[in-house]
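One structure is given below, encoded as structure tokens.
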Amino acid sequence: MNILASHILFLSLGIFIIKFFRKEKFISLFSIFISFVSLIYVLYIVNMQDSLINQKIDLINIIPGIPLSFSLDHLSLIFLVISNSLWLMVSIFSEKYLELNKYENKSKFYIFFTLSMLATNGIIYSSNLLTTFIFYELLTIATYPLVTFKGDHKSIVNGKKYLYYLLGTSIIFFLPAIILTHITAGTLDYKIGGVFTNYNNTTIYILVILFLFGIAKSAVMPFHKWLPSAMVAPTPVSALLHAVAVVKSGVFILLKVMLFIFGIDVLTASGANIIIILFASFTIIASSIIALSKDNIKLRLAYSTIGQLSYIVLATAILAPYSILAAILHLIFHALGKIILFLSAGIIATQTGIKNVSEMNNLSSKLPITCLLMSIGAIIMIGLPPTIGFISKWYLLLGIVESEKLYLLFVIILSTLLNASYYFPMIYKAYFEKEKFSYKESSCENMILAFPVILIGFIAVFIFFKTDFIVKFITEQII
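Using our numbering, read the sequence shown as starting at 108 and increasing by one per residue.
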């Protein structure tokens, strides 16, 4: 059996086995084991990449001539490594987090968490748009029980909004885009350089709009409201949504559609990339302004994510080699920075009860390690040196200059200032403002809870010094 298909089969079996565990401690440990073995699978795939890249395997015909099909390219390989690595970290974090917050029904949590990662890996392995669509919908359905996991009225209401937005946009926009692509190009396979040979500009413009709105997991405005609504979920789910699976799957699919369905030449010749640039630029600025007004830590981070995702979309749509490099780098770097921030927010809420920025006064005296990690994550998101966030932003600026779209410099500079305006107050309050609120008695570091976040922080710092290797891999194998 092909290693890609066996990876999906292994995750399917893992989900089946979790259901039969009775002791919750065993459920948590087995789920960590599944994520660990999944990462071993991924490392084996990385080692075998030369024999696996662009080798297509057809599993079953969905409709005549369009099979459920897997293959692997170098862009997929990057997302595969980052998503499965962070899944292991979140699994370790979840074990202690669920215990401290006294969540019940862990089997439900881990079944759907693992199913979400199965769907994410399915998206990564997809060799055509229809396979992508099937796993995209599965990811929406799998994450819904996680968003509503608390079971209260607010969770149910927001969960329905999450479901309606993502299912609605995919059925109204994404599916018609797939059908129109097949009618126009005669294929749904991802192909280097794109699939369109005979086309007219009107069709390309229509398809760009359908894909942009249909892949709503990328959270481009106006189809973004599902993401803040999903912040009612437990922190590990927020990390899954923002860093590991959901939104990253959205921008990953958009990347593949722009590069391997449309292709750079078609988007450039038609000028349709301007549509994407305009929507992404608006989203970057608008989401940053909204983030400024949010006192709730997770909501502020959610609107930050919306803007950061559009950095990736914008960078790809510029279509310059440097900007595409920036997009792929930011896919990695945003995942690391944002997961640090969300898991830190989870530690803060668990250990102190604090959920709002206005309550963070002198928090560093209680949680010094967590506040340091949060500060690192914030500086990565702002894009300041010497962090990985600065590197992707630097290449984005080079791409803007390279493409001669200098008006976009204003978007990047303004958004950077806005990012600093909503992240620096969090750091300032934690370190320099006097304590005003009484913290919970457990207001101290829990090193078991903090361990995976510390490890991710070390990885983020390590990658900063190894960026040349990543840049070389991307420029030689993808661009």
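Glycine residues also receive a C-beta, built at the ideal position from the N, C-alpha and C atoms.
Asked, Found
"Considering only the alpha carbon of each residue, which of S528, S465, T459 and I322 lies closest to C551?", "T459"
"Over what stretch of residues does the beta strand (DSSP E) that includes F177 continue unbroken?", "I173 to F177"
"I410 and Y502: beta carbons closer than 7 Å?", "The sequence shown places Tyr at residue 410, not Ile. Not closer than 7 Å, so no."
"Tell me which same chain residues have a C-beta within less than 6 Å of the C-beta of I241, skipping the five on either side of it?", "none"
"In terms of DSSP beta bridges, what is D296 paired with?", "N235"
"Considering Cα atoms alone, identify which of S135, T423 and L470 is closest to S197.", "A small fix is needed here, since residue 197 is Val in this sequence, not Ser. When each option's Cα is compared against that of V197, the closest is S135."
"Return the residue from the list I563, I169, Q156 and I152 that minimises the CA-CA distance to Q584.", "Q156"
"If distances are taken between C-alpha atoms only, which option among I439, E131 and E202 comes closest to T574?", "I439"
"When you compare the CB positions of I199 and P559, do they come within less than 7 Å of one another, or not?", "yes"
"Which complete alpha helix (DSSP H) runs does the region 108-143 hold, if anything under 4 residues is left out?", "110-125"
"Residue range of the beta strand (DSSP E) that D165 falls in?", "I164 to I170"
"Measure from the alpha carbon of I487 to the alpha carbon of each residue in T412, F127, A456 and V351, then state which is nearest.", "T412"
"Between P493, M554 and K215, which lies nearest to A567 when the distance is taken from Cα to Cα?", "P493"
"Which residue's Cα is closest to the Cα of E206: F389, G453 and H437?", "G453"
"On a CA-only basis, which of E131, F128 and Y148 is nearest L116? Give me that one, please.", "Y148"
"Rounded to a whole number of angstroms, what is the C-alpha to C-alpha distance between L450 and A456?", "10 Å"
"Quick test of the definition: if touching needs 3 or more C-beta pairs under 8 Å, does the region 392-399 touch the region 518-530?", "yes"
"Is the region 414-427 close to the region 504-512, with three or more CB pairs under 8 Å?", "yes"
"Short of 7 Å in beta carbon distance, which residues of its chain neighbour L295, apart from the five on each side in sequence? Order them along the chain.", "I173, N235, L236, L237, I285, T288 and H289"
"Quick one: is I263 buried, meaning 16 or more other Cβ sit within 10 Å of its Cβ, or exposed?", "exposed"
"To the nearest angstrom, report how far apart H349 and A442 are at their CA atoms.", "7 Å"
"Please classify N463: does DSSP put it in a helix, a strand, or coil?", "strand"
"Could you say if the region 337-346 and the region 165-184 meet the contact criterion of at least three C-beta pairs nearer than 8 Å?", "no"
"Consult DSSP for I586 and reduce its assignment to one of helix, strand or coil.", "coil"
"With distances taken from CA atoms, which of L319, I384, A249 and K462 is nearest D402?", "K462"
"So, helix, strand or coil for N265, using DSSP?", "helix"
"Take S482 and list the residues in its own chain whose beta-carbon comes closer than 7 Å to its own, dropping the five residues that flank it on each side.", "I534"
"Could you pull the DSSP bridge partners for N305 from this structure?", "Answer is none; N305 lacks a bridge partner."
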